[in-house]
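Have a look at the structure below before the remarks.
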Amino acid sequence: MLALLGLAMVVVFTYLIMSKRLSPIVALTVVPIVFALIGGFGGTTGKMMLDGLKMVAPSAALLLFAILFFGLMIDSGLFDPLIRKILKRVNGDPMKIAIGTALLSLTVALDGDGTTTYMITCAAMLPLYKRIGMNPMILATIAMLSLSIMSGLSPWGGPATRAIAALGVDAGEYFIPLLPTMIGGAAWVVFTAFLLGRTERKRIGNTLLQSGGGDCYIKAILEDTPHKRPKLAYVNLLLVTGVMIALVMGLAHSAILFLIGFVLALMINYPQLDIQKERILAHSGNAMTVVLLVFAAGVFAGIFSGTKMVDALAQTLVEWIPPSWGHLFPLVVAITSMPLTFVLSNDAYYFGVVPILANAAAAYGIDPVEIARASVLGQPVHLMSPLVASTLLLVGMVDRDIGDFQRATVKWAVLTSLVITALALLTGALTLFA
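The numbering used here puts the sequence shown at residues 12 to 445.
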């Protein structure tokens with residue numbers, strides 16, 4: 012009963028936001044409340060919602076301060092030299108622009124942080140997309156796929172870190188066999204960018220932009236503003252590097268690190284109080300939209316977890332797998348990780364569902380490390396979910412609705428998951444026979 016109720020809730024929620032019957036914030040809040048009442052959980056619904064809000068509060072704080080921090084870095088012109096080099100190389104060719112987007116986002120995504128990846132990629136490339144009339148959804152698709160490969164599969168990224176911790180496996184044993192899959196996945200993202208760019212080139216043509224003189228497109232995109240601080244470029248670079256190193260080393264919670272980074276950036280670049288207030292207000296609209304969506308997602312996750320619908324769905328999945336499919340268990344985990352990670356947060360999936368799957372796989376003699384590898388292969392689909400905080404940031408930056416984003420990316424996300432699953436099988440990261 013609970014499994015059926017949980018499945019119905021996910022289907023109704025997905026339909027409502029993709030058909031634009033309800034806004035994401037409303038759907039994330041109203042739908043789980045209605046289904047909790049249907050399931051007879053009216054007395055505890057408020058507590059479950061509060062638990063969900065507490066669960067996502069650190070993520071909301073992280074996004075708030077990260078948006079403000081990188082917003083100030085973009086305002087100060089820190090990334091202008093990198094953006095200038097990319098813009099000069101790609102000019103107005105949609106195919107080169109798409110490939111440049113892939114190479115940039117794959118590189119930035121190596122740090123494992125979705126907020127960083129999306130902020131820098133959009134700051135560098137979105138003005139050029141708008142300049143020549145390219146569809147910003149191509150940028151969003153490429154950036155999302157890049158993050159799913161570089162952060163989703165690497166042991167320092169969030170999903171793999173959780174899988175390794177939940178199953179108690181060695182990080183090196185997990186990652187080394189998966190490295191060819193990660194490299195192949197990155198190559199696939201570049202190829203996808205080539206396909207998307209070629210299609211866009213057929214639609215809008217190859218625009219030759221003036222690279223010199225008063226009408227230089229680079230100058231127009233990187234327009235001089237009173238907020239640029241070129242003399243502080245090395246100080247800002249040192250600050251960003253310091254925050255990133257502290258983030259990777261885990262010296263403090265990421266929200267705390269970005270808060271400190273934001274405050275220092277504000278003091279260094281804009282010591283005047285009136286300008287500080289102006290810069291905060293300039294980025295607060297985008298930050299507030301994302302934070303509200305994150306809290307709404309917390310309501311959904313809190314009820315989904317608190318009602319035990321997620322546990323019922325996972326148990327039903329395990330029971331449905333025939334014993335004769337035992338040797339296919341890693342493949343089953345890889346395939347089912349797509350829908351499961353779409354409807355669940357990473358914490359719920361990796362700490363709640365994956366241990367159940369690993370215990371079931373052990374009965375067939377399958378090493379938990381293979382389940383850990385298989386469980387991360389659905390990350391391209393996971394990053395489409397409105398439950399992912401950084402995805403809400405990306406959608407806001409390209410000024411599109413989450414339903415439009417999902418319609419545009421679902422084909423490429425599923426295809427990318429299938430490609431990296433096939434690569435994992437071909438390279439021996441996953442085996443079909445114990």
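All C-beta atoms in this analysis are idealised placements derived from N, C-alpha and C, irrespective of residue type, glycine included.
- For Tyr-140, the enclosing alpha helix (DSSP H) stretches over residues 125-143.
- The region 68-76 and the region 250-267 touch, with three or more beta-carbon pairs separated by less than 8 Å.
- Residue Arg-240 holds the alpha-carbon nearest to the alpha-carbon of Phe-90 among Val-430, Leu-403, Arg-240 and Leu-275.
- In the structure shown, Ser-116 falls within a helical segment according to DSSP collapsed to helix, strand and coil.
- Annotated three-state conformation of Gly-313 is helix, per DSSP.
- Contact check for Val-67 against Val-392 fails: the beta carbons are separated by 8 Å or more.
- Take Gly-439, set aside five residues on each side of it, and the residues of its chain with a beta-carbon closer than 8 Å to its own are Pro-188, in chain order.
- In this structure, Thr-40 and Val-310 form a Cβ contact; the two beta carbons are roughly 5 Å apart against a cut-off of 8 Å.
- If you look at Ala-374, you'll find it isn't in any alpha helix (DSSP H); DSSP assigns it neither H nor E.
- Just so you know, the alpha carbons of Ile-346 and Leu-139 end up roughly 37 Å apart.
- When secondary structure is reduced to three states using DSSP, Gly-261 falls in the coil class, being assigned neither helix nor strand.
- Apart from the 5 residues on each side of it in sequence, Ile-85 sits with its Cβ closer than 6 Å to the Cβ of Ala-134 in its chain, given in chain order.
- Around the C-beta of Val-200, 16 or more other C-beta atoms lie within 10 Å, and the residue is accordingly described as buried.
- Between Tyr-361 and the set Pro-379, Ala-373, Ala-374 and Val-421, the nearest pair of CA atoms involves Pro-379.
- Within the same chain, and ignoring the five residues on either side of Thr-172 in sequence, the residues whose Cβ sits closer than 7 Å to its Cβ are Pro-166.
- Between Ile-431 and Thr-192, the C-beta gap is smaller than 8 Å, which places the two residues in contact.
- For Leu-355, the closest C-alpha among the options Ser-316, Lys-213 and Pro-366 is that of Ser-316.
- Counting only residues of its own chain and dropping the five nearest sequence neighbours on each side, Lys-141 has a CB closer than 8 Å to the CB of Pro-147.
- Rounded to whole angstroms, the gap between the alpha carbons of Ala-374 and His-338 is 10 Å.
- Looking from the CA of Leu-250, the closest CA among Leu-156, Leu-64 and Leu-268 belongs to Leu-268.
- A residue is called buried once 16 or more other Cβ atoms fall within 10 Å of its Cβ, and Asp-124 is buried on that count.
- Taking 8 Å as the cut-off, the Cβ atoms of Met-349 and Ser-428 count as close.
- In this chain, the alpha helix (DSSP H) harbouring Gln-417 covers 413-438.
- Here Tyr-245 is exposed, its C-beta having fewer than 16 other C-beta atoms within 10 Å.
- Around the beta carbon of Gly-111, 16 or more other beta carbons sit within 10 angstroms, so the residue counts as buried.
- Cβ neighbours of Val-425 within its own chain (closer than 7 Å, five residues either side excluded): Met-349 and Val-392.
- With contacts defined as CB atoms closer than 8 Å, Ala-176 and Pro-366 fail to qualify as a contacting pair.
- Under the 10 Å beta carbon count, Met-20 is surrounded by 16 or more other beta carbons and is classified as buried.
- Taking a C-beta distance under 8 Å as the contact criterion, Asp-410 and Lys-31 do not qualify as a contact pair.
- Counting along the chain, Tyr-281 sits inside no alpha helix (DSSP H), nor does DSSP assign it H or E at all.
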